[in-house]
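Some notes on the structure that comes next.
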Amino acid sequence: MPEMPTEVQLPGRLEALVKSCERNCVHECCGIDAYDFSPLHIAAHISSYTGVIRESDIAEIQKEIDDLLQQVLAMPRTSALPDEFKDYLCFIKGMNHWFSAKTLNKFAEELKYNMKVAIQVLELSDKLRFECG
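Each residue of the sequence shown is one higher than the last, beginning at 63 in the numbering used here.
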């Protein structure tokens, strides 16, 4: 049986963030299409307990993303993969998705960008909040 790409587990805070963005379907059915990584969902998740998004929260998740990229991109490639899997580096079971270097980098860039925008979304939400009293 041919060797398959390595299965990777998302680290703690990143896994929780990704799980909170599972809005369109469930990953067992739709894979990555089950997720909506919009700044709105990211802001809601990160601020859910404190009502704020701290730079330290963003930095911790970004570090987990960077560490994941470094880990996966450093994995040895196998030439024993079937042709339909030759571009894939890893499988993230919790997302039910195969990632190539290109798609993993795109996923990381999208999350990092949307986390920065999430700060602005929360600030605007706070500004527009109706205050009684």
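Even glycine gets a Cβ: it sits at the ideal position worked out from N, Cα and C.
What you are looking at is a predicted structure, and each value in this text was computed from that prediction instead of being measured.
Which residues does DSSP list as the beta-bridge partners of His107?
If you number the sequence shown from 1, residue 107 lands on position 45. Beta-bridge pairing links His107 to no other residue.
If you drop the 5 nearest sequence neighbours on each side, which residues of the same chain put their C-beta closer than 6 Å to that of Glu84?
As a first step, residue 84 must be located in the sequence shown, where it is residue number 22. Within the same chain, and ignoring the five residues on either side of Glu84 in sequence, the residues whose Cβ sits closer than 6 Å to its Cβ are Ala96 and Tyr97.
Is Val88 buried or exposed, if buried means 16 or more other CB atoms sit within 10 Å of its CB?
Position 26 of the sequence shown holds residue 88. Exposed.
Below 8 Å between beta carbons: does that hold for Tyr150 and Trp160?
Reading the sequence shown from its first residue, position 88 is the one you call residue 150. Reading the sequence shown from its first residue, position 98 is the one you call residue 160. A contact, by the Cβ cut-off of 8 Å.
Just to confirm the assignment, what range does the beta strand (DSSP E) spanning Ile154 have?
Start at 1 with the first residue of the sequence shown, and residue 154 comes out as number 92. Unbroken beta strand (DSSP E) run through Ile154: Tyr150 to Ile154.
Which residues in the same chain as Ile154 place their Cβ atom closer than 7 Å to its Cβ, once the five residues preceding and following it in sequence are excluded?
Here residue 154 refers to the residue found at position 92 of the sequence shown. Taken in chain order, the residues that qualify are Val70, Leu72 and Phe161.
Considering just the uninterrupted stretch of the alpha helix (DSSP H) at Glu126, what are its terminal residues?
The sequence position of residue 126 within the sequence shown is 64, counting from 1. Taken as a continuous stretch (DSSP letters only), the alpha helix (DSSP H) holding Glu126 covers Glu117 to Leu135.
Residues bridged to Phe161 by DSSP?
The sequence position of residue 161 within the sequence shown is 99, counting from 1. Per DSSP, Cys152.
What number of angstroms, rounded off, separates the C-alpha of His103 from the C-alpha of Lys125?
Indexing the sequence shown from 1 puts residue 103 at position 41. Indexing the sequence shown from 1 puts residue 125 at position 63. His103 and Lys125: Cα-Cα distance of roughly 20 Å.
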